[in-house]
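Add 12 to a position in the sequence shown, counting from 1, and you land on the number used in my numbering.
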Amino acid sequence: MGVPRILDHIVLAGPDLAALVEAFERATGARATPGGRHPTGTANALVACTRGGERVRQYLELIGPDAEAGRVAAEVPRFGIDQLAAPRVASFAIAPADLDATIERARAAGHDYGDPEPLSRRTPDGRELAWRLGLPRDEQQPPFLIDWGTTPHPALDELPTVELVALRRRTPDVEGESARLAALGVEVGDGADALQVVHAETAGFEFDVVVDGTAVTVR
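See the structure below:
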């Protein structure tokens, strides 16, 4: 089991961002740093990842309703937040070398990601971060695709860190899901740089971080 090198970030969504940040800190010892607010009615907090003790361009995004804007979970469909009673690992993003070419390749394999969508958010210190996304038509079939362009990667900011050691996809259809992910350039398998796809009756994700020498699984 491992983490694919093409991974950009993992999304941990909850109906209350402040409560999610507190729960994550209790589980891992890392208190996520406020990241910013999105036009979609969400806000986030970030934790950078290390691999083998070294910082990498990968991070964890804790996301929930933008409380500062008065938004509540029932008003935020993004990542299924309006349906959540508790936090869950909702999705993950990959950063292909060529976003447009990857979208075309996925389309040729029967996976529709539409056209790249420009998005942005403003950080607490007033900076605007901009990126492009490729979003699957079916949000139940992550990952989504991201291209940061000239924007500095968020994982390289001054953030708390956790050692990320594994990302797993749970699915009733291991063969089909593995083929779909491979078509997007995601390495699948049991290697240190691969996403493990495992059989489960209910689809979902989980990841492992190391805390004080012990692996902690977050679902």
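Glycine included, each C-beta is placed from N, C-alpha and C at the ideal position.
query                                                                                                                                                : result
CA-CA distance, Pro148 and Pro108?                                                                                                                   : 15 Å
Please tell me whether Asp20 and Ile115 are closer than 7 Å, where the distance is taken between their beta carbons.                                 : no
My parser needs the beta strand (DSSP E) runs of 3 or more residues fully inside the segment 78-103; what are they?                                  : none
Since Leu29 and Ala55 should fall inside the 8 Å C-beta cutoff, what is the C-beta to C-beta distance between them, to a whole number of angstroms?  : 6 Å
Taking 7 Å as the cut-off, decide whether the C-beta atoms of Asp94 and Val88 are in contact.                                                        : yes
Using the three-state DSSP reduction, which class does Gly146 fall into: helix, strand or coil?                                                      : strand
For Leu19, does the three-state DSSP call read helix, strand or coil?                                                                                : strand
Going by alpha carbons, who is nearest to Leu72 out of Arg83, Arg182, Thr45 and Gln153?                                                              : Thr45
For the beta strand (DSSP E) containing Val59, name the first residue and the last one.                                                              : Thr54 to Arg63
From this set, Gln70, Gly65, Ser103 and Pro51, which residue's C-alpha is nearest Glu1's C-alpha?                                                    : Any answer about residue 1 is impossible in this case: the structure gives the chain only from 13 up to 231.
Take Pro77 as the anchor and find which of Ile22, Ala57, Asp185 and Val222 has the nearest alpha-carbon.                                             : Ala57
Once the 5 residues before and after Gly48 are set aside, which same chain residues still bring their CB inside 6 Å of it?                           : Arg133, Arg134 and Thr135
Can you list, in chain order, the residues of its chain whose CB lies under 7 Å from that of Gly203, leaving out five sequence neighbours each side? : Gly14
Could you tell me if Asp185 is buried or exposed, where buried requires 16 or more neighbouring beta carbons within 10 angstroms of its beta carbon? : exposed
When the Cα of Leu171 is compared with those of Thr162, Pro130 and Arg69, which residue comes out closest?                                           : Arg69
Between the alpha carbons of Ala86 and Ala167, how many angstroms are there, rounded?                                                                : 29 Å
How about Leu74 and Pro27: are their beta carbons less than 7 Å apart?                                                                               : no
Starting from the Cα of Arg139, find the closest Cα among Thr163, Arg117, Arg181 and Asp127 and give me that residue.                                : Thr163
Tell me the rounded alpha-carbon separation between Ala215 and Leu196.                                                                               : 19 Å
Rounded to the nearest angstrom, what separates Val230 and Asp124 at their Cα positions?                                                             : 29 Å
Assuming Glu218 and Arg180 form a contact by the criterion Cβ under 8 Å, report the distance between their Cβ atoms to the nearest whole angstrom.   : 5 Å
Please check the pair Val4 and Ile18, which I expect to be a contact at CB under 8 Å, by giving their CB distance rounded to whole angstroms.        : Because the chain is modelled from 13 through 231, residue 4 falls outside the range shown and cannot be assessed.
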